[in-house]
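Colleague: If you read the sequence shown in our numbering, its first letter stands for residue 362, the second for the next number, and so on.
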Amino acid sequence: MTGQEPSRHEPTGQKPPSHQPPEPAPAPAPASGPARRGLAALSPRYQAVAALAVAVIVVGVGVHLLMVFLSLAPQNTVSKQHGKAIDAWVFPEFEQNWKLFAPNPLQQNIAVQVRADVRMKDGSVRTTGWTDLSAQDGAAIKGNPAPSHTQQNELRRAWDFVTATHTADNRPVGMRGALSEEYLRRIAVMRLYRTDPTSRIGVVQRVQIRSCTINVPPPSWSGEQVPDKPVYRLLPWWTVSAAEAAGGVR
Numbered sequence: 362m363t364g365q366e367p368s369r370h371e372p373t374g375q376k377p378p379s380h381q382p383p384e385p386a387p388a389p390a391p392a393s394g395p396a397r398r399g400l401a402a403l404s405p406r407y408q409a410v411a412a413l414a415v416a417v418i419v420v421g422v423g424v425h426l427l428m429v430f431l432s433l434a435p436q437n438t439v440s441k442q443h444g445k446a447i448d449a450w451v452f453p454e455f456e457q458n459w460k461l462f463a464p465n466p467l468q469q470n471i472a473v474q475v476r477a478d479v480r481m482k483d484g485s486v487r488t489t490g491w492t493d494l495s496a497q498d499g500a501a502i503k504g505n506p507a508p509s510h511t512q513q514n515e516l517r518r519a520w521d522f523v524t525a526t527h528t529a530d531n532r533p534v535g536m537r538g539a540l541s542e543e544y545l546r547r548i549a550v551m552r553l554y555r556t557d558p559t560s561r562i563g564v565v566q567r568v569q570i571r572s573c574t575i576n577v578p579p580p581s582w583s584g585e586q587v588p589d590k591p592v593y594r595l596l597p598w599w600t601v602s603a604a605e606a607a608g609g610v611r
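(1) Rounded C-beta distance between Leu596 and Ile575? I'm assuming under 8 Å.
(2) For Gln468, I'd like the list of residues in its chain whose CB is within less than 6 Å of its CB, leaving aside the five on either flank, ordered along the chain.
(3) From Gly444 to Glu605, what distance separates their C-alpha atoms?
(4) Could you name each continuous beta strand (DSSP E) segment of 3 residues or more that falls completely within the segment 482–506, going from the start of the chain to the end?
(5) Can the beta-carbon of Arg567 be found less than 8 Å from the beta-carbon of Trp598?
(6) Does the pairing of the segment 495–502 with the segment 471–478 give three or more beta-carbon distances under 8 Å?
(7) Does the segment 581–596 come close enough to the segment 500–518 that 3 or more CB-CB pairs lie under 8 Å?
(8) When we look at the beta-carbon of Ala500 and count the other beta-carbons within 10 Å, is it buried (16 or more) or exposed?
(9) At which residues does the beta strand (DSSP E) containing Asp478 begin and terminate?
(10) Could you tell me if Arg546 is buried or exposed, where buried requires 16 or more neighbouring beta carbons within 10 angstroms of its beta carbon?
(11) Once DSSP output is grouped into helix, strand and coil, what is the label at Trp599?
(12) By Cβ distance, which residues of its chain are closer than 8 Å to Pro508, with the 5 residues on each side in sequence left out?
(13) Based on the DSSP secondary-structure assignment, which residues constitute the bridge partners of Ile575?
(14) Could you have a look at Gln457 and say whether DSSP puts it in helix, strand or coil?
(15) Tell me the rounded alpha-carbon separation between Ser404 and Leu431.
(16) Where does Val587 sit, in a helix, a strand or coil, going by DSSP?
(17) My output table needs one value for Pro533: the three-state DSSP class, helix, strand or coil.
(18) Excluding the 5 residues flanking Arg480 on each side, which residues of the same chain have their C-beta closer than 7 Å to its C-beta?
(19) Could you work out which residue in Val451, Pro558, Ala539, Thr528 is closest to Thr613 when comparing CA atoms only?
(20) How should Glu542 be labelled, buried or exposed, when 16 other C-beta atoms within 10 angstroms of its C-beta is the threshold for buried?
(21) Just to check my reading of the structure: Cys573 and Tyr593 have Cβ atoms closer than 8 Å, yes? What is that Cβ distance to the nearest angstrom?
(22) Less than 8 Å between the C-beta atoms of Val451 and Val429, yes or no?
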């Protein structure tokens, strides 16, 4: 014995573990060009649909601008020949009122008011107080970011229709005068049935409409003096037809 430890050998037939790093993944093939975005990224079929939609929008906007321009421009050959088509396109949704920018803009507030004779259930007739229809529209418009054209224009246009087709002593001129009375009367009766407590429990027999005109006070620096008292235009009593009185306009 020599006193030395016998050497240790690895078991026969086994190889030491391999620590070679894994082979790197193959690099992606370079792109053939820059990435397509927007309409270019769509398939040809969808590109055709998008192009058609854009063309329709452009044509629609062009036609709308042309119609509005013709409605505001002085009368010419085109507007005379196609006036009905232009009015049908523009009114009432796209009506333009340029009086705000006129040399002498509107300087009055005009309120349309109505009162009625109402037949109650016991047979008696009661006269209501004055209902300010313009104030109702003003309250509906105030604070509303998108008021309806009915609230903005229906009553105003009806009153303008009446004043344009009646004489100074409130007599209707021709068939349009009678038509304007019927139109304004139906609006007034409809509003009364909706908002007036007396009318809602009775039957409206006749109505009377008036306007109240008040001058807008001028600015303090102008030195202009205008009357501040309201001026009334009182129309005669109008009889409500049987169909309207029975609820035909409620």
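We treat Cβ as the ideally placed atom computed from N, Cα and C, and that holds for glycine.
Modeller: Answer, in terms of the structure:
(1) Counting from 1 along the sequence shown, the entry for residue 596 is found at position 235. Counting from 1 along the sequence shown, the entry for residue 575 is found at position 214. So it is not a contact: roughly 18 Å between Cβ atoms.
(2) Taking the sequence shown and counting its residues from 1, the one referred to as residue 468 is at position 107. By the criterion of a C-beta distance shorter than 6 Å, Gln468 is surrounded in its chain by Val577, once the five residues flanking it on both sides are discounted.
(3) The residue labelled residue 444 in the question sits at position 83 within the sequence shown. The residue labelled residue 605 in the question sits at position 244 within the sequence shown. Looking at the two C-alpha atoms, the distance is approximately 34 Å.
(4) Contiguous beta strand (DSSP E) elements confined to the segment 482–506 occur at 486–488, taking only those with 3 or more residues.
(5) As a first step, residue 567 is located in the sequence shown; it is residue number 206 there, counting from the start. As a first step, residue 598 is located in the sequence shown; it is residue number 237 there, counting from the start. Between Arg567 and Trp598, the C-beta gap is smaller than 8 Å, which places the two residues in contact.
(6) Contact between the segment 495–502 and the segment 471–478 is present: three or more C-beta pairs spanning the two stretches fall below 8 Å.
(7) No, the segment 500–518 is not in contact with the segment 581–596.
(8) Taking the first residue of the sequence shown as 1, we reach residue 500 at position 139. Looking at its Cβ environment, which holds fewer than 16 other Cβ atoms inside 10 Å, Ala500 is exposed.
(9) The sequence position of residue 478 within the sequence shown is 117, counting from 1. Where Asp478 is concerned, the enclosing beta strand (DSSP E) stretches over 469–480.
(10) Numbered from its first residue, the sequence shown carries residue 546 at position 185. Around the CB of Arg546, 16 or more other CB atoms lie within 10 Å, so the residue is classed as buried.
(11) Here residue 599 is taken as the residue at index 238 of the sequence shown, counted from 1. In the structure shown, Trp599 falls within a strand segment according to DSSP collapsed to helix, strand and coil.
(12) Start at 1 with the first residue of the sequence shown, and residue 508 comes out as number 147. Counting only Cβ-Cβ distances below 8 Å, and skipping sequence neighbours, we find Ala501, Ile502.
(13) By one-based count along the sequence shown, residue 575 stands at place 214. DSSP output for Ile575 lists Asn470 as bridge partner(s).
(14) Against the sequence shown, residue 457 aligns to sequence position 96. Correct three-state label for Gln457: coil.
(15) By 1-based counting over the sequence shown, the position of residue 404 is 43. By 1-based counting over the sequence shown, the position of residue 431 is 70. Rounded to whole angstroms, the separation of the alpha carbons of Leu431 and Ser404 is 41 Å.
(16) Start at 1 with the first residue of the sequence shown, and residue 587 comes out as number 226. Shown here, Val587 sits in coil according to DSSP, grouped into three states, outside any helix or strand.
(17) One-based indexing of the sequence shown puts residue 533 at position 172. Pro533: strand per DSSP, three-state reduction.
(18) Along the sequence shown, one-based indexing puts residue 480 at 119. For Arg480, where only same-chain residues beyond five positions count, the Cβ hits under 7 Å are Val486, Gly563, Val564, Gln566.
(19) Because the chain here runs from 362 to 611, residue 613 falls outside it and cannot be looked at.
(20) As a position in the sequence shown, residue 542 is number 181, starting the count at 1. Classification for Glu542: buried.
(21) Here residue 573 is taken as the residue at index 212 of the sequence shown, counted from 1. Here residue 593 is taken as the residue at index 232 of the sequence shown, counted from 1. With a Cβ gap of about 6 Å, Cys573 and Tyr593 count as contacting.
(22) For the purposes of this step, residue 451 is taken as residue 90 along the sequence shown, with counting starting at 1. For the purposes of this step, residue 429 is taken as residue 68 along the sequence shown, with counting starting at 1. Yes, they are a contact pair.
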